[in-house]
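Just below is one structure, and these are the notes that go with it.
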Amino acid sequence: MDQSKEQRILNSVSYNAVKGDPESVLDCIDKYCSQKEWAMNVGDEKGLILDNVVKEADPTTALELGTYCGYSAIRIARLLKPKAHLFSIEFNPEFVPIAKEIIEIAGLSDKVTILEGHAQDIIPQLKSKYDVDTLDFVFLDHWKERYAPDTILLEECGLLRKGSILLADNIIYPGAPEFLEYIRNHKRFECTNYPSHLEYMKVEDAMEKAVYLG
Ligand SMILES: O=C(NCCCOCn1ccc2cnccc21)c1cc(-c2ccc(F)cc2)cc(O)c1O
Ligand SMILES: [Mg+2]
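Spelled out as structure tokens, the structure:
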């Protein structure tokens, strides 16, 4: 059976990256996806914005919605302090083993737990099943129409605390208009927009940071 694009990305990482070196894994994926096959990783340009917000948050417990091949999980996990942990939710069963393998090659398996399923089903289990208290950082990069409802769900489940930082990808392209409307009109969020470009393309995109004020 023909290999998938995601399997080809894993092959490239497995062959070209330096084992245990997250930077070399990121560089390999960015090279492959800008030169060979486009893929929906957050990429190097928006990745720098992600890096800066993660450094600002310095999270003990982080959540990512949308693992895909593990690129942004590696960007986040490589910046985590000892004992800090990232939970990453992915619903597509084909992507989970590929992301696990790519995160393993980066040497970050101890810092990342991939949870397979829909965010709306897993978020309510984070406290009881995964012993999460509150989330210091959340990266939203899954179905764009789920950004707003899943943010509401995080709040309802008591997973946000004063100062929790949310960062959302693809605010312009593909776009998350309902999320933008919700978060900017909700008085308990302090929002900042970061203009950028769609990964590996000259298309405009942006990220939105929202700090929960409690
Ligand atoms: O669609 C995108 N991402 C989402 C994937 C499915 O996510 C589904 N999914 C993953 C966990 C998870 C948990 N619960 C429910 C659904 C859940 C996405 C798409 C593009 C894009 C840009 C231009 C194009 F021409 C075509 C596509 C770019 C991006 O950066 C993206 O992030
Ligand atoms: Mg994205």
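Throughout the sequence shown, residue numbering follows the working numbering, covering 71 to 284 in sequence. The beta-carbon is built from N, C-alpha and C at its ideal position, and this holds for glycine as well. Here the structure is a predicted model, which is why all the values come from computation and not from measurement.
message: Run through the DSSP bridge pairs and tell me what GLU186 is partnered with.
response: GLU160
- prompt: Where does ASN255 land, buried or exposed, given buried means 16+ other C-beta within 10 angstroms?
  reply: Answer is exposed; the Cβ neighbour count stays below 16.
8 Å contact criterion, which LEU196 and ILE144 should meet: CB distance rounded: So it is not a contact: roughly 21 Å between Cβ atoms.
In DSSP terms, what MET277 is bridged to: TYR264
task: Could you tell me whether the segment 203-217 touches the segment 131-143, where touching means 3 or more Cβ pairs closer than 8 Å?
output: yes
- request: Indicate whether SER17 and ILE168 have their beta-carbon atoms separated by less than 8 Å.
  value: A question about residue 17 goes unanswered here, because the residues of the chain that appear run from 71 up to 284.
- request: Give every residue of the same chain whose Cβ lies closer than 8 Å to the Cβ of CYS227, excluding the five residues on either side of it in the sequence, and list them in chain order.
  value: ILE193, PRO194, LEU196 and LYS197
query: For PRO244, which residues from the same chain have a beta carbon less than 7 Å from its beta carbon, with the 5 sequence-adjacent residues on both sides left out?
result: LYS214
message: Quick check: what's the CA-CA separation for HIS267 versus HIS212?
response: 18 Å
query: Based on the DSSP output, what are the partners of THR302 in its beta bridges?
result: Residue 302 lies beyond the range of the chain shown here (71 to 284); nothing can be said about it.
field: Residues proximal to ligand 2 by C-beta, any heavy atom closer than 5 Å
entry: ASP211, ASP239 and ASN240
- prompt: Pick from ALA127, ASP72, MET71 and LEU80: whose alpha carbon is nearest that of LYS279?
  reply: Comparing Cα-Cα distances from LYS279 to each of ALA127, ASP72, MET71 and LEU80, the minimum goes to ALA127.
query: When the Cα of MET277 is compared with those of TYR200, PRO265 and SER234, which residue comes out closest?
result: Measuring C-alpha to C-alpha distances from MET277 to each of TYR200, PRO265 and SER234 identifies PRO265 as the nearest.
query: From PRO219 to GLU225, what does the alpha carbon distance come to, in whole angstroms?
result: 10 Å
- prompt: Which residue comes first and which comes last in the alpha helix (DSSP H) that contains LYS197?
  reply: 196-200
query: So what's ALA238 in DSSP terms, helix, strand or just coil?
result: strand
field: Host alpha helix (DSSP H) of VAL208 (start-end)
entry: Note, VAL208: premise wrong, no alpha helix (DSSP H); beta strand (DSSP E) at 205-210.
query: Taking the C-alpha atoms as reference points, what is the distance between GLN190 and ILE184?
result: Distance between the alpha carbons of GLN190 and ILE184 is about 15 Å.
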